[in-house]
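A.B. asks:
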Amino acid sequence: AYPFSKFARLELTGGITWINEDFVVETYNFSGLDRETTDIGTFNYGLFSAAMVFDHSTYGPLGPSKGYRSRFSVETTTNDIQSTTLLADYRKYFRTSNRTVLAWRFMGAGSVGKDDRFFDIGGPYYYRGADYNELIGSNFLLSNLEFRFPMLPFLPPTMDFLSGAAFADAAGAWGINSRFYDNPTFQPFSNENGFRLNDLNAAVGLAARLNIGYFLLQYELAWPTDLQNFGSPVKRFSIGTFF
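Heads up, the sequence shown is in my numbering, so the first residue is 46 and it goes up one at a time.
(1) Report the rounded CA-to-CA distance for G77 versus V70, giving the unit in angstroms.
(2) Out of curiosity, what's the CA-to-CA distance linking W268 and T87?
(3) Tell me which same chain residues have a C-beta within less than 8 Å of the C-beta of L242, skipping the five on either side of it?
(4) Assuming the contact rule is C-beta atoms closer than 8 Å, G182 and I221 should be a hit. Round their C-beta distance to whole Å, please.
(5) Within 10 Å of its beta-carbon, does D205 have 16 or more other beta-carbons around it, so buried, or fewer, so exposed?
(6) So what does DSSP say about P201, is it helix, strand or coil?
(7) Does the beta-carbon of W63 have 16 or more other beta-carbons within 10 angstroms, so that it is buried, or is it exposed?
(8) Do you know offhand how far N178's Cα is from A252's?
(9) Given that a residue counts as buried once 16 or more other Cβ atoms are within 10 Å of its Cβ, and exposed if not, what is G174?
(10) Pairing CB atoms from the segment 199-216 with CB atoms from the segment 244-251, are three or more of them under 8 Å?
(11) Exposed or buried, what is E237 when buried is set at 16 or more other beta-carbons lying within 10 Å of its beta-carbon?
(12) Residue range of the beta strand (DSSP E) that T141 falls in?
(13) Within 10 angstroms of the Cβ of R80, are there 16 or more other Cβ atoms? Answer buried if so, exposed if not.
(14) Buried or exposed: I61, going by 16 or more other Cβ atoms within 10 Å of its Cβ?
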């Protein structure tokens, strides 16, 4: 990494990976275990990336409390795996009071090439209205808006390690989706049977969190919606960090 200042840096990475694959069949019978191994082959790829990173944020018990953070990167792979991926990640934080924070994140990425990369954006760390493997594509857009507040506001600020959040997420993924067929277009809205969301997914929810320093324990409830109806809540416990 090369720092331009204490707020900005350039990151460069590179490497080559060799992978050898075998197909193993184990058969159990009265005489014991028979194992048959077939060499599938060896392949290798080079991975190179560059990223500009900016961090003008300050932290508190509720995570980043003001300022912004961003990352803009390009990644390419060569040889047996060939793809190029662009990613943008921007986060903005507003201190709405001494003990509350409004946080917003916008992310987008796209991958092209013979072996384009797939992004799984469902789950507790990205789009919380879906589970893992439910929202996958070689392109995606994501927005998270979150209001963070202390669960025990009548106690001193040193007790703000126990906090809550109300959030709204929106996301879409296209290219290759979780059902393994091409979905090349992204149509966020539909007017069929009234205005509603189509390829764009949205959810609102609540979270309870325990900040234990390096990790964040959280329980979340998220209700997916197409702007006409709400789906069954997605309930999830996870270990992670503030975005």
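In this text, a Cβ means the ideal position worked out from N, Cα and C, and glycines have one as well.
C.D. replies: Working from what's here:
(1) Stepping through the sequence shown from its first residue, residue 77 is reached at position 32. Stepping through the sequence shown from its first residue, residue 70 is reached at position 25. If you take the alpha carbons of G77 and V70, they lie about 14 Å apart.
(2) Taking the first residue of the sequence shown as position 1, residue 268 is located at position 223. Taking the first residue of the sequence shown as position 1, residue 87 is located at position 42. C-alpha separation (whole angstroms): 45 Å.
(3) For the purposes of this step, residue 242 is identified with residue 197 of the sequence shown, where counting begins at 1. Here the set comprises P233, F234, S235, T270, D271, L272.
(4) The residue you call residue 182 lines up with position 137 of the sequence shown. The residue you call residue 221 lines up with position 176 of the sequence shown. Going by Cβ atoms, the distance from G182 to I221 rounds to 6 Å, so yes, they are a contact pair.
(5) The count along the sequence shown starts at 1 and reaches residue 205 at position 160. D205 comes out buried.
(6) Position 156 of the sequence shown, counted from the first residue, corresponds to residue 201. Three-state DSSP puts P201 in coil, outside helix and strand.
(7) Counting from 1 along the sequence shown, the entry for residue 63 is found at position 18. When all chains shown are included, W63 counts as exposed.
(8) Sequence index remark: in the sequence shown, residue 178 carries index 133 (1-based). Sequence index remark: in the sequence shown, residue 252 carries index 207 (1-based). Approximately 22 Å, taken between the alpha carbons.
(9) Position 129 of the sequence shown holds residue 174. It counts as buried.
(10) yes
(11) Translated into the one-based positions of the sequence shown, residue 237 becomes position 192. Burial call: exposed.
(12) The residue given as residue 141 occupies position 96 in the sequence shown. Run containing T141: 128-142, per the beta strand (DSSP E) assignment.
(13) By 1-based counting over the sequence shown, the position of residue 80 is 35. It counts as exposed.
(14) Sequence index remark: in the sequence shown, residue 61 carries index 16 (1-based). Exposed, by the Cβ-count rule.
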